[in-house]
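Have a look at the structure below before the remarks.
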Amino acid sequence: MTLTACGQEHTGPTAAGPGSPSRSGSPVGPARGNVEPDSHDGAPHYHENNGFKIPKEMSPASEEAARAEAARIEPVLKRLWTAKTWDAESVRTALLKLGYRNGGPDSEQGRGTLFVQAHDPGTNPGSTIALNVRHDACVTAFVQSTNYQVQVNGRFLETGCFEPRGGH
Numbered sequence: 012m013t014l015t016a017c018g019q020e021h022t023g024p025t026a027a028g029p030g031s032p033s034r035s036g037s038p039v040g041p042a043r044g045n046v047e048p049d050s051h052d053g054a055p056h057y058h059e060n061n062g063f064k065i066p067k068e069m070s071p072a073s074e075e076a077a078r079a080e081a082a083r084i085e086p087v088l089k090r091l092w093t094a095k096t097w098d099a100e101s102v103r104t105a106l107l108k109l110g111y112r113n114g115g116p117d118s119e120q121g122r123g124t125l126f127v128q129a130h131d132p133g134t135n136p137g138s139t140i141a142l143n144v145r146h147d148a149c150v151t152a153f154v155q156s157t158n159y160q161v162q163v164n165g166r167f168l169e170t171g172c173f174e175p176r177g178g179h
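When we follow my numbering, the leftmost residue of the sequence shown carries the number 12, and every step to the right adds one.
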């Protein structure tokens, strides 16, 4: 027997834990209407809470322009990876030769704005690359000791071309 908030006696079961039967005998789970499709485990508000991780849509023309730039970047990263050269300064130098604008303090005029960030050398030596092709299109890439990858995507709401790492 327990007391309710208003001081009345209650003789029914206490609060059910995960997987415990509810008063109706059904397992406890997300309430109907709160389950979001495509939300990994059906968690309510998944898309709302993780929306910052989803890139915005690109226009068809912007996607085409980004794919053309990705095709120019891929062989450079392949060459760097094969040569085991993945430090940020070497990657930046090689990609600036394609005519991109440096996103650092010594910016130059060119085809798109290039940003290169070093990975943590103690855990995963390499570099992450972001090329702002148009207001709605990016090329994102990385080159590291184990592999390299180049892809196109829309911009992220809070971080531009770089994929966000954590929420707020």
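Just so it is clear, CB atoms sit at the ideal spot from N, CA and C, and this is done for glycine as well.
Exposed unless 16 or more other CB atoms sit within 10 angstroms - verdict on residue i
{"i": "N135", "result": "exposed"}
{"i": "R90", "result": "exposed"}
{"i": "T104", "result": "exposed"}
{"i": "S73", "result": "buried"}
{"i": "S138", "result": "buried"}
Whether residue i touches residue j by CB criterion (8 Å)
{"i": "A141", "j": "C172", "result": "yes"}
{"i": "Q160", "j": "F167", "result": "no"}
{"i": "M69", "j": "D147", "result": "yes"}
Cβ-based neighbour list, residue i, same chain, cut-off 6 Å, excluding 5 preceding and 5 following
{"i": "V163", "result": "A77, R78, A81, V150"}
{"i": "E174", "result": "none"}
{"i": "W92", "result": "V154, Y159"}
{"i": "T170", "result": "none"}
Cβ neighbours of residue i in the same chain (closer than 7 Å, five flanking residues each side left out)
{"i": "E85", "result": "V161"}
{"i": "A94", "result": "none"}
Nearest to residue i (by Cα), restricted to the options the options
{"i": "L106", "options": "G133, R145, F126", "result": "F126"}
{"i": "R145", "options": "G133, R112, W97", "result": "R112"}
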